[in-house]
Each structure stands twice: as structure tokens, then as C-alpha cells.
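Remarks on the structure that follows.
In the numbering used here, the protein residues as written are 969 to 1135.
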């Protein structure tokens, strides 16, 4: 059909679908068992919310398109999820799923202790002290042991982090 016969009012704007947390190309979608459950729970919630949409036909069609886009992105994450179980034989080494406590041994944050858990990108939450395994600090700490002191580049400054505890 020629564009001359289409009213401008009939052109529906594509819904904005917020992207999921970035997962670098070629990097497996590692998730903790908790992380997989969170993804599955999110899908259930989205499906329930989609089923409850009300309003005019146009509003429902627009909202369904939005939910369908979000569900498609979520389904891709669920399908590609690679569950990494904790390795009890490696409890003395920082690994995916570990909760690690470290000390800033020098630099501007000298003397500050921090604790966080290394998780998948969709499970990461600064508020919950969970960081993605793709984060620079997680990449530096993975493979270290209690007592290790490792350099961490933060901007122009190199700081040393000392591993205090691994759970």
C-alpha cells in the first residue's frame, strides 16, 4: 500500500523495552541457583501481569507488545542460563557464587573492608551487595585465596586488596 493512503495517526510507536543487564559477547550466562529461580519468578510475574492487562483495545495491544518484548529478552536469558553450583572442594578460593570479604590495603580507601557475593549479571544488585562476575573487581578477585593481596586498578590509582574471608 502506498504511504499516501495511510493516515499518520495509524502509525503506532514501537514500545520502549528496557534492555537487560549487559552480558559481553561470547561470555556464558552464568547464574547461581538463586539467580535462575529469580529469572523464573520474574517470568511468572510478567505472564500474570500481561494476563491482567485491561483498557481499550489499543491500550491492551500496546501493553501486550511491551510485555512480549520484555518476555522475549527474559526468555533468552533463561534459555542461555548456565547454572553454576557452589564447589565445596574449592571453598578456600574466590569463585563464582562466593561471598568474599576484602580489605583495601592502601590507596584512598585504605582500611575499608567490603563484602559482596559474585553472581550472574541479572542477579547483581549493589543494594544487596551482589556484583556481577563480569565486573572488574570480581574478575580481579576470582581465583584468589584468603591472605592473597592483589592489585586493582581504579581509575589512575592502583590499590591493593587483601582477601580476608571467603564463604
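Glycine included, C-beta positions come from ideal geometry on N, C-alpha and C.
Restricting to Cα atoms, I'd like to know which of the options is closest to residue i.
i	options	result
residue 1048	1112, 1090, 1063	1090
residue 1001	1116, 1054, 993	1054
residue 995	1014, 1007, 1119, 1045	1045
residue 990	1059, 1100, 1060	1100
residue 1092	1070, 1039, 1081, 1065	1065
residue 1059	1114, 1003, 1118	1114
residue 1086	983, 982, 999	999
residue 928	1088, 1079, 1036	There is simply no residue 928 to check, as the chain begins at 969 and stops at 1135 in what is shown.
Please work out which residues of its chain come closer than 7 Å, Cβ to Cβ, to residue i, disregarding the five sequence neighbours upstream and downstream, and give them in chain order.
i	result
residue 1021	1028, 1031, 1032
What did DSSP end up calling residue i once you bin it into helix, strand or coil?
i	result
residue 1095	coil
residue 1119	strand
residue 969	With a pLDDT of only 48 at residue 969, under 50, the local geometry of the prediction cannot be trusted, and the value read off the model is given with reservation. Here residue 969 sits in coil by DSSP.
By Cβ distance below 8 Å, which residues in the same chain neighbour residue i in space, the five residues on each side in sequence not counted?
i	result
residue 987	1041
residue 992	1102
Residue range of the alpha helix (DSSP H) that residue i falls in?
i	result
residue 1109	1104 to 1109
Between residue i and the rest of its own chain, which residues show a CB-CB distance below 6 Å, the 5 nearest in sequence each way excluded?
i	result
residue 1062	1068, 1109, 1110, 1112, 1134
residue 1034	983
Start and end of the beta strand (DSSP E) containing residue i?
i	result
residue 1112	Where residue 1112 is concerned, there is no enclosing beta strand (DSSP E), given that its DSSP letter is neither H nor E.
residue 1064	No beta strand (DSSP E) contains residue 1064, which DSSP labels as neither H nor E.
residue 1082	1081 to 1087
residue 991	Looking at the DSSP string, residue 991 is not in any beta strand (DSSP E), and its letter there is neither H nor E.
residue 1130	1125 to 1134
Could you give the uninterrupted runs of the alpha helix (DSSP H) lying entirely in the region 999 to 1054, keeping only those of 4 residues or more? Complete alpha helix (DSSP H) runs here, min 4: 1001 to 1019, 1025 to 1048.
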